[in-house]
Amino acid sequence: SWLAQHLVQPIRSVYPSTTSAAITSLATGCWPGTHSVAGWWNYLPQLGEPIVVLPFLRLSDGARLDTSTDLTVADAIPLPPLMQRMTRDAALFQPRAIVDSAYSTYLGGNAERIPYGNLSEAVSGIARRIRSAARPTHTYWYIPNVDHQAHEHGCQSPQVRTALLEVDRAVASLASQLEG
């Protein structure tokens, strides 16, 4: 695979290795014990009850906190995202369904948030963006496919392997388009 051939070093996950803890660690550059997102559900003192962090919902009734309260994701995470401090031309490529979510808005800071519908569309958009850049860039590409399949079917499932191979092909395609 392209990814295996280009491995520089293995990475370690945060603990606990939940999606919300890991993504928030990437967003802030800090461990879960510092950024306070240890799992899918977190207690929010300002609200007095648990929330679901990534979709930013009240756990008890599923109400969107960004529209039903004055709270923002920054109220749940006491640290600013790294993108907010970035000096490069930064952008986030995320699936269309989440690109304008409360969490994505927090994560992106002032960076442009660019939606995509499938991996090929993301690859084309990222390649176009980088090739046309007039100055150094930073592009965050969120690909939830492998994680989603692992939650649905288990880490060793054929569905996860298929999703991982699709990501591998997409990254190889991006590398090829940016060669040189």
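So for the sequence shown, the numbering used here puts the first residue at 18; every next one is plus one.
We treat Cβ as the ideally placed atom computed from N, Cα and C, and that holds for glycine.
{"Item": "Cβ-based neighbour list, D222, same chain, cut-off 8 Å, excluding 5 preceding and 5 following", "Value": "Lying before the first or after the last residue shown, residue 222 is absent from the chain, which here runs from 18 to 197."}
{"Item": "Pairwise C-alpha distance: T179 and M100", "Value": "31 Å"}
{"Item": "Short CB-CB distance (under 8 Å) between A167 and chain D", "Value": "Checking the listed chains, one finds no chain D in this structure; it contains a single protein chain."}
{"Item": "Rounded separation between S77 and L64 - CA only", "Value": "11 Å"}
{"Item": "Local conformation of Y157 per DSSP, three classes", "Value": "strand"}
{"Item": "N- and C-terminal bounds of the alpha helix (DSSP H) containing L124", "Value": "A119 to G125"}
{"Item": "Beta-carbon contacts of L181 that lie in its chain and below 6 Å, excluding the five residues immediately before and after", "Value": "V163"}
{"Item": "Segment contact flag, the segment 138 to 152 with the segment 87 to 101, C-beta cutoff 8 Å, min 3 pairs", "Value": "no"}
{"Item": "Best match in F73, C172 and H168 for proximity to T86 [C-alpha to C-alpha]", "Value": "F73"}
{"Item": "Q166, buried or exposed, once every other Cβ within 10 Å from all chains shown has been counted against 16", "Value": "buried"}
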